[in-house]
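Read left to right, the sequence shown gives residues 146 to 240 (our numbering).
Cβ coordinates follow ideal geometry from the N, Cα and C atoms, glycine included.
Each remark here refers to the structure printed beneath this line.
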Amino acid sequence: MKQSEKTIERYVVKTVKSLGGLAIKGNTINSKGYPDRVIHLPGGKIGFLEIKTEGKKPTKLQNHWLQLLSGLGFKAGYADSKAGVDEFINELMGR
146 MKQSEKTIER YVVKTVKSLG GLAIKGNTIN SKGYPDRVIH LPGGKIGFLE
196 IKTEGKKPTK LQNHWLQLLS GLGFKAGYAD SKAGVDEFIN ELMGR
């Protein structure tokens with residue numbers, strides 16, 4: 146069975162919290178396509194994560210935001226699985 150976006154998002158929040166960080170919901174009111182979660186980890190590490198249902202990819206607008214944020218020097222990406230979340234967080238932490 147595919148992992149839903151909701152299931153993966155809950156996993157993000159739980160995992161980040163267990164590391165002493167925050168996974169704040171992205172502001173989508175005035176910024177369509179903005180990443181779902183802004184992840185703050187100890188040591189001043191900040192990343193932007195778009196969360197998708199397993200097998201789904203970001204939209205063109207979501208990719209635009211991810212590229213823009215990456216261009217500013219932030220870790221920005223998407224995850225469509227719990228393993229993808231773990232990979233993103235490990236990279237953000239410099240592991």
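Inter-residue Cα distance where the pair is residue i and residue j
i, j, result
"Leu-243", "Ile-153", "A query on residue 243 cannot be resolved here, the shown segment of the chain reaching from 146 to 240 and no further."
"Gly-166", "Asn-235", "13 Å"
"Ser-215", "His-209", "10 Å"
"Pro-203", "Gln-148", "16 Å"
"Asp-231", "Arg-155", "13 Å"
Beta-carbon separation (whole angstroms), residue i vs residue j, contact threshold 8 Å
i, j, result
"Gly-200", "Asp-225", "6 Å"
Residue j beta carbon less than 9 Å from that of residue i
i, j, result
"Lys-190", "Ile-184", "yes"
"Lys-220", "Leu-237", "yes"
"Ile-196", "Tyr-223", "yes"
For residue i, the three-state DSSP class (helix, strand or coil)
i, result
"Arg-240", "coil"
Below-9 Å beta-carbon distance, residue i vs any chain C residue
i, result
"Asp-231", "Among the chains in the structure shown there is no chain C, since it carries only a single protein chain."
Strand pairing of residue i, partner residues [DSSP]
i, result
"Val-230", "None; Val-230 has no bridge partner."
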